[in-house]
Amino acid sequence: MSRLQNISASLNTTTAHVLDSSPAGGTIPKDEHFFKAILEGWHTDLIAFVQNGVPKLVVAFLLAFLAQRVTAFFVRRLQHRADKLVGNSQRAAQLRTMAAIVRATAYGVIGFYLFVEFLAALNVSLGPFIASAGVIGLGISFGAQSIFKDMLTGIFILIEDQYNVGDTIKIASLTGTVEDLSLRITRLRDGDGTLYIVPNSQITTVSNLSRDFAVGTLNVSVDAREDPDRVLRVLQQLATSVRNDVAFKDIVISDPSIPGVDKISGYEVIYPITVRVMVNQRDGVLRELRRRVLKAFADESIAFGSTSSTMILQSPDPKAEAAKAKADAAAEPLPSTPTPGA
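Next up, the structure:
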């Protein structure tokens, strides 16, 4: 700033001198004092800049270089982890996205730091600049607060690997499969085909139904008059057959569990079958269990239960009514005959 002031003062002095000495025709003659004043002003500020500003810039560039190397190290680590995920292309893409975000953010901060240090080395007052930037930043923060919050939450979702594309999750009252995951939104599709777009900042609690394993429970309703031991034996046989089936042996993790009678209601008895399966395979296993229950109960003549009672009404049989009336008449005692002379 002082350099600009010195140059401006020198230019004003030289210009006034030139105008005073110019002829009436208005032509300005060559004056060596004009260029001399400029060189003297620059010379004075250059010496001060070399003595004070250059060391500050050297330190600033060294710190920026160190920060750049640290950032590059972490970015390479993320990219290396992404390259190792051969079977999970979606997770690899997320790691590469995080690497790009870290690199862009760090380089932006480093560039801003160098810009501020360069202005300080030139003795430029940063007060008005910082005040203006503060006012602008405050306005932007109010206008884009939700966007910043969405993106910050999205970064933590990616870093913590809370869920990925293809996972079945539950967010508040929404349950569905994740179709797309970005820094700002999560796209969720439920079983009816409805697509939900959820801002990441609104995700406070998430339940991931596709991690490690899933547990499926099939409640089998059986008539209360059926023998419980026989029913349990049939259910255990069909559940074991599913576990040993070639098509399901890699899907069903452990042997199905049938604890026994779980509930009795009217003529209905509930026998639960619990099975632990691989993620996203629960519905297929439960469908196969239902099919085998239907087949086994048909083969063993086991009746399904019902929570309602059934009353059968039928019209009376005329022949049966006549026979009943005849039997009732025969059963009535004969009237007594009075004895003569009594």
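Residue 1 is where the sequence shown starts when you use the UniProt record's numbering, and the numbers rise one by one after that. No residue lacks a Cβ here, since even glycine has one placed at the ideal position from N, Cα and C. Just so you know, these numbers come straight off a predicted model, no measurement behind them.
| Item | Value |
| --- | --- |
| THR97 - DSSP class collapsed to helix/strand/coil | helix |
| Beta carbon of LEU57 nearer than 7 Å to that of ALA121 | yes |
| Rounded separation between VAL273 and ALA239 - CA only | According to the sequence displayed, residue 273 carries Ile and not Val. One C-alpha to the other measures close to 8 Å. |
| Supposed close pair ASN200, ASP161 - CB separation, criterion 8 Å | No, ASN200 and ASP161 are not in contact; Cβ-Cβ is about 14 Å, not under 8 Å. |
| Reference SER257; option with closest CA among ARG287, ARG233, THR194, ILE171 | ARG233 |
| Same chain only: Cβ atoms within 8 Å of GLY134, ignoring 5 sequence neighbours per side | none |
| Supposed close pair ASP282, ALA214 - CB separation, criterion 8 Å | Correcting the residue identity first, residue 282 is Arg in this sequence and not Asp. ARG282 to ALA214, Cβ: 4 Å. Contact. |
| Beta bridge counterpart(s) of GLU179 as assigned by DSSP | BP columns for GLU179 are empty, so no partner. |
| Strand pairing of ASN219, partner residues [DSSP] | PRO272 |
| Cutoff 6 Å; reference ALA99; Cβ partners in own chain excluding five residues on either side | VAL75, LEU78, GLN79 |
| Reduced DSSP category for residue 346 - H, G, I as helix; E, B as strand; rest coil | Because the chain in this structure spans residues 1 to 342, residue 346 falls outside the shown range and cannot be described. |
| Residue from ASN244, GLU117, THR175, ILE157 with nearest C-alpha to THR194 | THR175 |
| Rounded distance between the beta-carbons of VAL275 and VAL246, thought under 8 Å | With 8 Å as the limit, VAL246 and VAL275 do not qualify as a contact, their Cβ atoms being about 17 Å apart. |
| For ASN164, the nearest candidate out of VAL102, SER173, LEU152, SER182 (CA to CA) | SER182 |
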